[in-house]
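Read through the structure below, which is laid out as structure tokens, and then see the notes.
There are 2 protein chains.
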Amino acid sequence: MIGSYDTTVARWGSPDAPITISERGRLFLETEVGVPTPTPVVDRSDVKVPASQLSEAARSALADAVGVDALSEADDERLAHAGGFSYLDLVDRRDGDSALPDAIVRPASSDDVAQLLAACVAHDVAVVPFGGGTSVVGGVRPERGPHSAVIAAAFDRMAELVDVDNVNMTATVGPGMTGPTLERLLGARGLTLGHFPQSWERASIGGYVATRSAGQASSGYGRSDDMVEALRVMTPQGEMVLGRAPGSAAGPDLRQLFIGSEGAFGIITEVTLRVRSQPQERRYEGVMFPSYELGLEAFREIAARRTQPDVMRLSDPQETSSTLAMGTDGAVAAVLDGYLKLRRAANGALAIFGWEGTRTQVGARRDETWRVIRAHKGVALGQRVGSSWEHARFSGPYLRDVLMDEGYLVETLETAIRWRDLPALRESVTNALKESLHDDGPGPFVMSHLSHVYETGGSLYITVVARRDAGNSREQWLAAKAAACDAIVASGATITHHHAVGRDHAPWLKDEIGQTGIDLLHVVKTQLDPDGILNPGVLIGT
Amino acid sequence: MIGSYDTTVARWGSPDAPITISERGRLFLETEVGVPTPTPVVDRSDVKVPASQLSEAARSALADAVGVDALSEADDERLAHAGGFSYLDLVDRRDGDSALPDAIVRPASSDDVAQLLAACVAHDVAVVPFGGGTSVVGGVRPERGPHSAVIAAAFDRMAELVDVDNVNMTATVGPGMTGPTLERLLGARGLTLGHFPQSWERASIGGYVATRSAGQASSGYGRSDDMVEALRVMTPQGEMVLGRAPGSAAGPDLRQLFIGSEGAFGIITEVTLRVRSQPQERRYEGVMFPSYELGLEAFREIAARRTQPDVMRLSDPQETSSTLAMGTDGAVAAVLDGYLKLRRAANGALAIFGWEGTRTQVGARRDETWRVIRAHKGVALGQRVGSSWEHARFSGPYLRDVLMDEGYLVETLETAIRWRDLPALRESVTNALKESLHDDGPGPFVMSHLSHVYETGGSLYITVVARRDAGNSREQWLAAKAAACDAIVASGATITHHHAVGRDHAPWLKDEIGQTGIDLLHVVKTQLDPDGILNPGVLIGT
Chain A
982 MIGSYDTTVA RWGSPDAPIT ISERGRLFLE TEVGVPTPTP VVDRSDVKVP
1032 ASQLSEAARS ALADAVGVDA LSEADDERLA HAGGFSYLDL VDRRDGDSAL
1082 PDAIVRPASS DDVAQLLAAC VAHDVAVVPF GGGTSVVGGV RPERGPHSAV
1132 IAAAFDRMAE LVDVDNVNMT ATVGPGMTGP TLERLLGARG LTLGHFPQSW
1182 ERASIGGYVA TRSAGQASSG YGRSDDMVEA LRVMTPQGEM VLGRAPGSAA
1232 GPDLRQLFIG SEGAFGIITE VTLRVRSQPQ ERRYEGVMFP SYELGLEAFR
1282 EIAARRTQPD VMRLSDPQET SSTLAMGTDG AVAAVLDGYL KLRRAANGAL
1332 AIFGWEGTRT QVGARRDETW RVIRAHKGVA LGQRVGSSWE HARFSGPYLR
1382 DVLMDEGYLV ETLETAIRWR DLPALRESVT NALKESLHDD GPGPFVMSHL
1432 SHVYETGGSL YITVVARRDA GNSREQWLAA KAAACDAIVA SGATITHHHA
1482 VGRDHAPWLK DEIGQTGIDL LHVVKTQLDP DGILNPGVLI GT
Chain B
982 MIGSYDTTVA RWGSPDAPIT ISERGRLFLE TEVGVPTPTP VVDRSDVKVP
1032 ASQLSEAARS ALADAVGVDA LSEADDERLA HAGGFSYLDL VDRRDGDSAL
1082 PDAIVRPASS DDVAQLLAAC VAHDVAVVPF GGGTSVVGGV RPERGPHSAV
1132 IAAAFDRMAE LVDVDNVNMT ATVGPGMTGP TLERLLGARG LTLGHFPQSW
1182 ERASIGGYVA TRSAGQASSG YGRSDDMVEA LRVMTPQGEM VLGRAPGSAA
1232 GPDLRQLFIG SEGAFGIITE VTLRVRSQPQ ERRYEGVMFP SYELGLEAFR
1282 EIAARRTQPD VMRLSDPQET SSTLAMGTDG AVAAVLDGYL KLRRAANGAL
1332 AIFGWEGTRT QVGARRDETW RVIRAHKGVA LGQRVGSSWE HARFSGPYLR
1382 DVLMDEGYLV ETLETAIRWR DLPALRESVT NALKESLHDD GPGPFVMSHL
1432 SHVYETGGSL YITVVARRDA GNSREQWLAA KAAACDAIVA SGATITHHHA
1482 VGRDHAPWLK DEIGQTGIDL LHVVKTQLDP DGILNPGVLI GT
């Protein structure tokens, strides 16, 4: 599925199928952002790998817990588990500056995990659950906190499809199962999970659950938190088995305390997911609205109906023009370009709609949505634009690697808010990023789209491209990120809709749940993980 | 809306419109259960009201907190807040044996609630949040625990519609708002909440949230926990304001810790609910399946589609024959009766389907459901049967009062489970009740229906009618309830789908969430309510 570049850099994609930027794309970026200075990637041979800090006793206890073959302190393994895919994680990798875990362990069962946790407690070793490693918020960055060492726990030995029940419509999987494997195994039984985050090619099911991930078809299939029927979590204080029934009033929903807990409360060892029949028909279409405002109004109205499409995505004019310039599908670019010329409209907002289900359902739901689209002057761009989006929907991270080679800073942020405050939120975050990242050129370029649409609001996904200040990379981005996060919480939005809190958003969580909420999370953490060995620093900080 | 009988008994309905049992109904019960011995209700003048245990200092502090006019120790007020509507609560009221709160307080604001909690802590007074008072699991029974006194907090002064937002599609209300008032106020704006539990006429929004209530149209409109966008909770340790965005990945969903917390963690002072447009069309229909098994199969298949009706309810053959005998709508009884004679089928299973929405949506969704109904040999009984059910859907409690006058024990239990284990669950709970409540007559009579249908399973709602053993009422029912609860947890089902845990289900919660889960709830309780003044005994017991 994914090839392997040098593990130091952890690029997306394969060296056999390199991504390139078109001339048109390059021109667009140079016009909007300015000409960058290419930044070289450190050579593997120049990367210094510090010695593992694992004590002899800890090493021995960990080997006892998971088996001696399932413990590795090899340099390349440690480099491969050095954080996730945030812009700064990538910068660190490229510069050869990543913090490394002292070892990698690979438990094969729930019992292994229990023994692993006991060994970590006994030998004062912090443990970072490392699923697909795709966190963009520092959730898998190896942080030892006050402990003697830090290890990463990988779950490729707990990646089984444990059970599929086509009466209950559930699938039970190990936490290391990945999306592509699960869809392949479910597909053979006529089923689907319907969860397609941009990180789908690498991310694990345990990671989906630990981070409250939302896929691109969440408007129809739901978020990961809607899909979790049951879960098993191993904590240093015992196992939790939660979720007996499809609906329950048996007190607080404790599943919802572990979903989104990012490894701070325990390690997810099994997940039972709701699955669905594979759709008979799938139809994706592009639509152009004459303005973002009209598109937004249409989206709100469509969401208020109970027949909304499975995928709904509205690009702002900036993202629309970027799609036009950067897109790799020439035919699609021609359609969009033709449209914009015809209308002489620089403010067009591109929308993607996707329907999945039985033929009758897709037909009926599409009819109803199109009534709203037409009422808001949306113009059909056809299925080619829709399926072009669908085929490219995992390619964002691939493109980012190439842009970073060119010397660009590229990062995404996301949030959610109720309808009424959405336009002001977009403006405020855009301004914060522009102000913070302004240099002597025309940039930065900030664009966004609305996705993950709910009856009461939606998620805003923002991409920023600037010129990397190579001598000052960390400070440059941290200042911009802080400005954007401040703008988000000041707007009344959530600090994250689907990327999770990780370490990078932890300082803003208090704005969202108050000191009483933070104290409550600390108490839960202390109860389940009194020694604080579980993923130190995530969620509630240190 | 509801008239008032003697407050000692707290009957449903009004003395001006008394409910009676038809001759046919009486004969049915005498055949299935046996002839009962009518049990008289204690005369108000014979009820002994013990003196309030409130100290002078506590009285004065409470009066300072909520205002002297908002504190009452009057006998009738105390009697009116003596527990909820479980069978044993009603038995106690009828016998004049209810435990009473020492006083009733009526806070008018969030600040009042904060001061009220401080006064309770300072003077060692337990406080029971008392919304509509419709708990059937002992959730509002006044239990003082180790404290010097116990008071009930009523919320009729916090029952405002604070805000309606027809862009965000939300309504913000005080916790004392009731369903009928909210629907009237929303209806005037073309909106609806769509939450119709059987207790709708009395229950409060705060109560819905505190108990994770599910309404009869939950298949379409969602459960109360799906409807809560945001909430404010006052705890002795500070206020929690939760729910900024329609979707969030900002850690654990702490709303889900307070939803279903039954007043043990804090007092809900404001709720923001998702609302919907009033449906253009509403269509309710009756269907007869030749057997429960075929009906069940059809329900499962309908639920697996994403076009399921808003209301889906399948009575087992016992409940079907009871509906036929006990129903007050003669025309409907004739339809059902005619059907059963025609088919010579004693095993018919009555189903109710309800669709709400735009004309197009109702049409399309109904077509698709009917395809499944027909494939499972379901026969149309028409809209009259459907609307008869709809009009009688809040009448269960009214009928129970009359049956108790006759000397019957009448109680309901409910649970939920995934599809595959549902038939065995029904059998097991039915047998447990029959075994425990068997006397020298033909009874008890046990019947059930499936409602609140999910893609992965559904809720089973069980009604039992036996002859009350007047000299031994408490022991008779407690033994049967324990046997049923044991059967429920042994079947792998949840101890409650929508009635909540209260005090009555607390012993079984450990089976559901394990000791680690119970410990976690204790830790949360201790953090937020270190003095344990909030509703002692609910949820996690004493």
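So the protein sequences, as listed, match chains A and B.
The first sequence maps to residues 982 to 1523 in this note's numbering.
The second sequence maps to residues 982 to 1523 in this note's numbering.
Built from N, CA and C at the ideal position, the CB exists for glycine as well.
- At least one C-beta of chain B is nearer than 7 angstroms to the C-beta of residue 1234(A).
- The region 1388-1395 of chain A and the region 1440-1449 of chain A touch, with no fewer than 3 CB-CB distances between them shorter than 8 angstroms.
- Classified as exposed, residue 1453(B) has fewer than 16 neighbouring CB atoms from the shown chains inside 10 Å of its CB.
- Residue contact with chain B for residue 1275(A): absent (no Cβ-Cβ distance below 7 angstroms to any residue of chain B).
- Residues of the region 1389-1402 of chain B with a Cβ closer than 8 angstroms to any Cβ of chain A, in chain order: 1396, 1397, 1398, 1399, 1400, 1401.
- If you draw a straight line from the Cα of residue 1077(A) to the Cα of residue 1414(A), it is about 27 angstroms long.
- Listed along chain B, no residue sits closer than 8 angstroms to residue 1432(A) by beta-carbon distance, the nearest being about 10 angstroms off.
- Taken in chain order, the members of the region 1480-1494 of chain A whose beta-carbon sits within less than 7 angstroms of a beta-carbon on chain B are 1480, 1481, 1482, 1490, 1493, 1494.
- At least one C-beta of chain A is nearer than 7 angstroms to the C-beta of residue 1148(B).
- No Cβ-Cβ contact shorter than 7 angstroms links residue 1230(A) with residue 1377(B).
- With distances taken between CA atoms, residue 1244(A) lies nearest to 1215(A) out of 1380(A), 1215(A), 1364(A).
- Counting C-beta pairs with one atom in each stretch, the region 1001-1012 of chain B and the region 1057-1066 of chain B have fewer than three that are closer than 8 angstroms, which means they do not touch.
- Between residue 1350(A) and residue 1339(A), the alpha-carbon positions lie close to 16 angstroms from each other.
- The closest CA to that of residue 1135(B), considering only 1185(B), 1117(B), 1164(B), 1128(B), is found on 1185(B).
- For the pair of segments examined, the region 1492-1500 of chain A was found not to touch the region 1458-1465 of chain A: the number of CB pairs separated by less than 8 angstroms stays below three.
- The region 1073-1092 of chain B makes contact with the region 1032-1040 of chain B, as at least three CB pairs between them are under 8 angstroms.
- In this structure, the alpha-carbon of residue 1374(A) lies about 46 angstroms from that of residue 1218(B).
- From the listed residues 1330(A), 1379(A), 1072(A), 1172(A), the smallest Cα separation to residue 1023(A) is found for 1072(A).
- At the C-beta level, residue 1251(A) and residue 1213(A) come within 7 angstroms of one another.
- In this chain, the alpha helix (DSSP H) harbouring residue 1507(B) covers 1487-1509.
- Under DSSP, the beta-bridge partners assigned to residue 1142(B) are 1154(B).
- Ranked by Cα distance from residue 1421(B), the first of 999(B), 1015(B), 1000(B) is 1015(B).
- The residue among 1054(B), 1161(B), 1246(B), 1411(B) with its C-alpha nearest the C-alpha of residue 1498(A) is 1246(B).
- The secondary-structure analysis by DSSP pairs residue 1251(B) across a beta bridge with 1213(B).
- Residue burial annotation: residue 1013(A) is buried, with at least 16 other C-beta atoms found within 10 angstroms of its C-beta.
- The way I'd put it, the region 1471-1482 of chain B doesn't touch the region 1104-1114 of chain B; fewer than three beta-carbon pairs between them come closer than 8 angstroms.
- Annotation: the continuous beta strand (DSSP E) that includes residue 1222(B) extends over 1219-1223.
- In this model, residue 1290(B) and residue 1253(B) are separated by some 26 angstroms (Cα to Cα).
- The shortest C-alpha to C-alpha distance from residue 1174(A) to any of 1180(A), 1163(A), 1183(A) is the one to 1163(A).
- Chain A has no Cβ within less than 7 angstroms of the Cβ of residue 1123(B).
- Taking the Cα positions, residue 1295(A) is about 16 angstroms away from residue 1201(A).
- In terms of Cα proximity to residue 1518(A), the closest of 1487(A), 1142(A), 1511(A), 1510(A) is 1487(A).
- Approximately 6 angstroms separates the beta-carbon atoms of residue 1118(B) and residue 1481(B); this is inside 8 angstroms, confirming the contact.
- In terms of beta-carbon proximity, residue 1293(A) stays away from the interface with chain B, with every pair separated by 7 angstroms or more.
- Note that the C-beta distance between residue 1397(B) and residue 1440(B) is below 7 angstroms.
- Spatial neighbours of residue 1436(A) in its own chain (CB-CB distance under 7 angstroms, excluding positions within 5 residues in sequence) are listed in chain order as 1284, 1285.
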